[in-house]
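In my numbering, the protein residues as written are 773 to 1019. C-beta atoms are modelled at their ideal positions from N, C-alpha and C, and glycine is treated no differently. Owing to the predicted nature of the structure, the values given are computational and were not obtained by experimental measurement. Have a look at the structure below, then the notes.
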């Protein structure tokens, strides 16, 4: 068991809240004033399925990457999925805390984690959300896509402008929805998730890999687990999967 304020401090020391974007809603989503926490559930998203799992596992805190509350809610109705989640959490005395864009931008945060999982070297920051690095060896495009699938467990990858490059060595990336940053770095390839149609049209001959939002950020639970290594607290990792199914 840990004091709840100690848990929050550990997270915020790793991903300082001042790094969060102004439009973001990182931080407390549901704060019931519970001062001690026995068991934490780590998750990418505080979905309905996740909060049900947390309740079943006896967790009293969910720490997620994505916030529960983003859009304005004018009335509390269980017809609204977010309200359903909040109701179940409150009924089961589960607090919810999220580290979103501050975790993306943290010095050892999500972007760095993805870069490390791809074995990139000589990493440097292009901007708050984009990291550039270099592969361990030169790849053909087909080889690199196969390598990414192996490293990240991606079943499918969408590619824009595959005709434009035969050799991959320099890589820039942004986890989550980062297509707006595709031209931030002069690299052989840009990796992100959730590329929108018009962003794809405007890719300006850049090779872009859309590996999926979930696939690019699912490792956040490993970062949370790393923060609490050797701490006196029970941990449950939520079972999550991408909502998309390719048929």
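task: Can you have a look at residue 1015 and say buried or exposed, based on whether 16 or more other CB atoms are within 10 angstroms of its CB?
output: Start at 1 with the first residue of the chain shown, and residue 1015 comes out as number 243. Its Cβ having fewer than 16 others within 10 Å, residue 1015 is exposed.
field: Distance between residue 866 and residue 809 (C-alpha atoms, nearest Å)
entry: For this step, residue 809 is matched to residue 37 along the chain shown. For this step, residue 866 is matched to residue 94 along the chain shown. In a straight line, the C-alpha of residue 809 is about 10 angstroms away from that of residue 866.
- prompt: Just reading off the beta strand (DSSP E) that residue 903 is part of, what are its end residues?
  reply: Counting from one through the chain shown, the residue named residue 903 turns up at place 131. Taken as a continuous stretch (DSSP letters only), the beta strand (DSSP E) holding residue 903 covers 903-911.
- prompt: At which residue ranges does the stretch 792-862 contain complete alpha helix (DSSP H) runs of 4 or more residues, listed in the order of the chain?
  reply: 820-828
field: Cα-Cα separation, residue 991 to residue 1012
entry: Residue 991 sits at position 219 when you count from the first residue of the chain shown. Residue 1012 sits at position 240 when you count from the first residue of the chain shown. In a straight line, the C-alpha of residue 991 is about 11 angstroms away from that of residue 1012.
Closest Cα partner of residue 900 within the set 860, 956, 785: As a position in the chain shown, residue 900 is number 128, starting the count at 1. Residue 900 has its Cα closest to that of 956, out of 860, 956, 785.
message: Can you give me the C-alpha to C-alpha distance between residue 944 and residue 981, rounded to a whole angstrom?
response: Locating residue 944 in the chain shown gives position 172, counting from the first residue. Locating residue 981 in the chain shown gives position 209, counting from the first residue. Taking the straight line from one Cα to the other gives about 10 angstroms.
- prompt: Closest by CA to residue 839, which one among 850, 868, 831?
  reply: Translated into positions along the chain shown, residue 839 becomes position 67. Checking every option, the nearest Cα to that of residue 839 belongs to 868.
- prompt: Going by alpha carbons, who is nearest to residue 854 out of 818, 780, 773, 1000?
  reply: Working through the chain shown from its first residue, we reach residue 854 at position 82. Nearest C-alpha to residue 854: 818.
field: Rounded straight-line distance, which links the Cα of residue 925 to that of residue 1008
entry: As a working mapping, residue 1008 is identified with position 236 in the chain shown. As a working mapping, residue 925 is identified with position 153 in the chain shown. Spanning the two alpha carbons is a distance of roughly 21 angstroms.
- prompt: Would you say residue 787 and residue 846 are within 7 angstroms of each other, going by their C-beta atoms?
  reply: Residue 787 sits at position 15 when you count from the first residue of the chain shown. Residue 846 sits at position 74 when you count from the first residue of the chain shown. Not in contact: residue 787 and residue 846 (Cβ atoms no closer than 7 angstroms).
message: So, at 8 angstroms on beta carbons, what are the nonlocal neighbours of residue 778 in its own chain, with the 5 sequence-adjacent residues on each side left out?
response: Translated into positions along the chain shown, residue 778 becomes position 6. Contacts found: none.
query: According to the neighbour-count rule (16 or more other Cβ atoms, all chains shown, within 10 Å of its Cβ), is residue 967 buried or exposed?
result: Position 195 of the chain shown, counted from the first residue, corresponds to residue 967. Result: buried.
Coil, strand or helix - residue 945 by DSSP: Position 173 of the chain shown, counting from 1, holds the residue named residue 945. Here residue 945 sits in strand by DSSP.
task: Name the residue from 949, 921, 915 whose alpha carbon lies nearest to the alpha carbon of residue 938.
output: As a first step, residue 938 is located in the chain shown; it is residue number 166 there, counting from the start. Comparing Cα-Cα distances from residue 938 to each of 949, 921, 915, the minimum goes to 915.
query: Can you give the Cα-Cα distance for residue 850 and residue 832, rounded to whole angstroms?
result: Along the chain shown, one-based indexing puts residue 850 at 78. Along the chain shown, one-based indexing puts residue 832 at 60. Answer to the nearest angstrom: the Cα atoms are 22 angstroms apart.
message: If you follow the beta strand (DSSP E) that residue 893 is in, where does it begin and where does it stop?
response: In the chain shown, the residue the question calls residue 893 occupies position 121. That run of the beta strand (DSSP E) goes 893-897.
- prompt: Around the Cβ of residue 1018, are there at least 16 other Cβ atoms within 10 angstroms (buried) or fewer (exposed)?
  reply: As a first step, residue 1018 must be located in the chain shown, where it is residue number 246. Exposed.
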